[in-house]
Amino acid sequence: MTAMTATASPADAAAELRAALREAGLCVGATDADDHVQLGTLKASDARQLARLIHTGTKRTLKAARALREICEAYGIDLPELRVRQGRITLGACRVGDAVRLAQLLGASSPGPEVPDAEAVRDLLAGAFSAATGGGTLDVSVRGEDPDVVELGALDARAARRLIGALRF
Numbered sequence: 006m007t008a009m010t011a012t013a014s015p016a017d018a019a020a021e022l023r024a025a026l027r028e029a030g031l032c033v034g035a036t037d038a039d040d041h042v043q044l045g046t047l048k049a050s051d052a053r054q055l056a057r058l059i060h061t062g063t064k065r066t067l068k069a070a071r072a073l074r075e076i077c078e079a080y081g082i083d084l085p086e087l088r089v090r091q092g093r094i095t096l097g098a099c100r101v102g103d104a105v106r107l108a109q110l111l112g113a114s115s116p117g118p119e120v121p122d123a124e125a126v127r128d129l130l131a132g133a134f135s136a137a138t139g140g141g142t143l144d145v146s147v148r149g150e151d152p153d154v155v156e157l158g159a160l161d162a163r164a165a166r167r168l169i170g171a172l173r174f
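If you want the numbering used here, it's the position in the sequence shown, counting the first as 1, plus 5.
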């Protein structure tokens, strides 16, 4: 198993990982190799323990993602790419009509009888998100190859919980 490190040197990251594994009672080595940290062979019991620790560590994020998915489905908002990636909730692609509905649920005024273009929806949703979540930000961009789709960014669990709170029935 190889894990990428982003902010620390591989040697520092390997040492940090070794210490965390040791504190968790897991007997597995971690060595630095170029820009990666290489984990040694795991016994099956250690692999299960490591999986449990990862699940415990990501429980709040996974729970927030599940709640957000359920709320959006209840409102008829389709976010087919909503998933947890690297500890954050990625909302993904969203049809312009669904993005307008989401913005309205967050308190944005109706854009009128015609569906606005993606750029207008991007601005509408970004502003509504910020207002509804107490100044939070959501990256919203227009998908270049499909002007009827906006791309919604990723949220940490805390921002997702504020969004969930704003969308509650």
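Where a beta carbon is used, it is the ideal one built from N, C-alpha and C, also for glycine.
From a predicted model like this one, the values you see are computed outputs, not experimental measurements.
Going by alpha carbons, who is nearest to residue i out of the options?
| i | options | result |
| --- | --- | --- |
| Q96 | A113, S50, G34 and I169 | A small correction: the amino acid at residue 96 is Leu; Gln does not occupy that position in the sequence shown. Residue I169 is the option with its Cα nearest to L96. |
| L58 | A25, K48, I82 and Q109 | A25 |
| E78 | R90, R106 and R166 | R106 |
| V147 | G158, G141 and E124 | E124 |
| A113 | T61, G92, S135 and E119 | S135 |
| K48 | G62, P152, H60 and V33 | V33 |
| G158 | P152, V145 and E150 | V145 |
| A164 | P152, T66, I82 and P118 | T66 |
| K64 | V89, D17 and Y80 | V89 |
Would you mind sorting residue i into buried or exposed? The rule is 16 or more other CB atoms within 10 Å of its CB.
| i | result |
| --- | --- |
| R100 | buried |
| I94 | buried |
| A69 | buried |
| A38 | exposed |
| D103 | buried |
| E156 | buried |
| A56 | exposed |
| R127 | buried |
| R173 | exposed |
At what residues does the alpha helix (DSSP H) containing residue i begin and finish?
| i | result |
| --- | --- |
| A104 | V101 to L110 |
| G132 | A123 to A137 |
Return the chain-ordered list of same chain residues with a C-beta closer than 6 Å to the C-beta of residue i, the five sequence neighbours on each side being excluded.
| i | result |
| --- | --- |
| T36 | A19 and Q43 |
| R74 | L87 |
| R23 | A35 |
| D83 | D103 |
Cutting at 8 Å between CB atoms, please list the residues of its own chain near residue i, excluding the five before and the five after it.
| i | result |
| --- | --- |
| G30 | Q54 |
| P121 | V101, V105 and L129 |
| G139 | R167 |
Quick one: give me the first and last residue of the beta strand (DSSP E) that residue i is part of.
| i | result |
| --- | --- |
| A162 | A162 -> not in any beta strand (DSSP E); alpha helix (DSSP H) instead, spanning A162 to L172. |
| R148 | R148 -> no beta strand (DSSP E), and no H or E assigned at all. |
| V89 | R88 to R90 |
Leaving out five residues before and five after residue i in sequence, what residues of the same chain have Cβ atoms less than 7 Å from its Cβ?
| i | result |
| --- | --- |
| M6 | In this prediction, M6 has a pLDDT of 43, which is less than 50 and means its spatial position is unreliable; what the coordinates show is noted afterwards. Only L44 meet the Cβ criterion. |
| A171 | L111, A137 and T138 |
| D51 | L31, C32 and V33 |
| Q109 | S115 |
Whole runs of the alpha helix (DSSP H) within the segment 15-85, excluding any shorter than 4 residues | 15-28 and 49-79
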